[in-house]
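Chemist:
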Amino acid sequence: MMSYDWQAGLFLFGTVIVLTVATNFLPFKVPALQQERLRNRKANKAKLALAKYPPVVNAGRWVGGLSNLAFFAAVAPFCVTLAPQPWWRMLLDIAAVLMIYDLFYYLMHRFLFHGQGYFRRIHGLHHQARSPTHIDAYYVHPLETFMGLNLFLWLIPALAWAWGPFHAVSIGLAYVIYVQLNILNHCAVDLPYFPFKTLHWITTKHALHHKNMHMGNYATITLLYDKLFGTLE
Ligand SMILES: [Zn+2]
Ligand SMILES: [Zn+2]
12 MMSYDWQAGL FLFGTVIVLT VATNFLPFKV PALQQERLRN RKANKAKLAL
62 AKYPPVVNAG RWVGGLSNLA FFAAVAPFCV TLAPQPWWRM LLDIAAVLMI
112 YDLFYYLMHR FLFHGQGYFR RIHGLHHQAR SPTHIDAYYV HPLETFMGLN
162 LFLWLIPALA WAWGPFHAVS IGLAYVIYVQ LNILNHCAVD LPYFPFKTLH
212 WITTKHALHH KNMHMGNYAT ITLLYDKLFG TLE
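In this note's numbering, each residue carries its 1-based index in the sequence shown increased by 11.
#1: Does DSSP classify Thr233 as helix, strand or coil?
#2: Which of the three DSSP states is assigned to His178 in this structure?
#3: To test your reading of the DSSP string, which unbroken alpha helix (DSSP H) runs of 4 or more residues are found completely within the region 54-83?
#4: For His152, which option in Thr34, Tyr189, Val74 has the closest C-alpha, if you only look at C-alpha atoms?
#5: Report the three-state DSSP secondary structure of Val91 (helix, strand or coil).
#6: Confirm, please, whether the CB-CB distance from Pro88 to Tyr189 is below 7 Å.
#7: Does DSSP put Leu210 in a helix, a strand or coil?
#8: Classify Leu243 as helix, strand or coil using the three-state DSSP reduction.
#9: Give me the Cα-Cα distance between Leu37 and Lys63, rounded to the nearest whole angstrom.
#10: Would DSSP call Leu202 helix, strand or coil?
#11: Short check: CB of Pro176 to CB of Val91, under 7 Å?
#12: Taking the Cβ atom as the reference point for each residue, do Ser181 and Met101 lie within a distance shorter than 7 Å?
#13: Answer yes or no: do Ala43 and Leu195 have a C-beta to C-beta separation smaller than 7 Å?
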């Protein structure tokens, strides 16, 4: 039986805020990362000066904001608890939420958004960004933003219904990892040396996906499903 735990829900919301502020702040104490951030900001500014960017970015903010509001106020408190759980259960939950989401997202991205017809045209907007930078994470048709975000958000009550409530911290971490990876994917990062090699690789792989509508690398969390299904570029 799932019940509305407002304290756990509020704790989850607080965790998301704190982790988001920390990820927007702490990594940029590293000079190389700060430099890449400035480079992205410069590119963002040029793109936002084009008439086509602001309406799409603003529409996405509305769709994202309202979806998040509905989730954190009305759905998440039914799915989370503050009752202690072993650390391995929490790690397993985070990995499971992210990997199950990534499988559904992979299928949706490959067969719906890169299929034929209406959804291909919708997704074509996001693919206008041939060399993506930070802002292109938000240069997405509002219907696609709605579908992608709600796929993630509604997976949580579905899994909580099947497995029982998650710890609030597990969902907070999974949510922040999901959002930040979606943003990071689109950043222009040119640091092909230690200790930034993985970061460089992640951004290069998604930039390759943006080259045209016929490229693989459909997943966003890891490229495991691309490797498994032969679409890794
Ligand atoms: Zn695509
Ligand atoms: Zn993209």
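Ideal placement from N, C-alpha and C gives every residue a C-beta, glycine not left out.
Modeler: From the atom records:
#1: As a working note, residue 233 is residue 222 in the sequence shown. Judged by DSSP in its simplified three-state form, Thr233 adopts coil rather than helix or strand.
#2: Working through the sequence shown from its first residue, we reach residue 178 at position 167. Reduced to three states, the DSSP call for His178 is strand.
#3: Along the length of the region 54-83, whole alpha helix (DSSP H) runs at least 4 residues long occupy 64-81, reported in chain order.
#4: The residue labelled residue 152 in the question sits at position 141 within the sequence shown. Nearest of Thr34, Tyr189, Val74 to His152, Cα basis: Val74.
#5: Walking along the sequence shown from the start, residue 91 turns up at place 80. Residue state, collapsed to three classes: strand.
#6: In the sequence shown, the residue the question calls residue 189 occupies position 178. In the sequence shown, the residue the question calls residue 88 occupies position 77. Their beta carbons are not under 7 Å apart, which means Tyr189 does not touch Pro88 by this criterion.
#7: One-based indexing of the sequence shown puts residue 210 at position 199. Leu210: helix per DSSP, three-state reduction.
#8: Reading the sequence shown from its first residue, position 232 is the one you call residue 243. Correct three-state label for Leu243: coil.
#9: Residue numbering aside, residue 37 sits at position 26 when the sequence shown is read from its first letter. Residue numbering aside, residue 63 sits at position 52 when the sequence shown is read from its first letter. C-alpha separation (whole angstroms): 32 Å.
#10: In the sequence shown, the residue the question calls residue 202 occupies position 191. In the structure shown, Leu202 sits in coil (DSSP, three-state: anything other than H, G, I, E or B).
#11: Reading the sequence shown from its first residue, position 165 is the one you call residue 176. Reading the sequence shown from its first residue, position 80 is the one you call residue 91. Yes, the pair counts as a contact, with Cβ atoms nearer than the cut-off.
#12: Numbered from its first residue, the sequence shown carries residue 181 at position 170. Numbered from its first residue, the sequence shown carries residue 101 at position 90. In contact: Ser181 and Met101 (Cβ atoms closer than 7 Å).
#13: Mapped onto the sequence shown, residue 43 falls at position 32. Mapped onto the sequence shown, residue 195 falls at position 184. Taking 7 Å as the Cβ cut-off, Ala43 and Leu195 do not qualify as a contacting pair.
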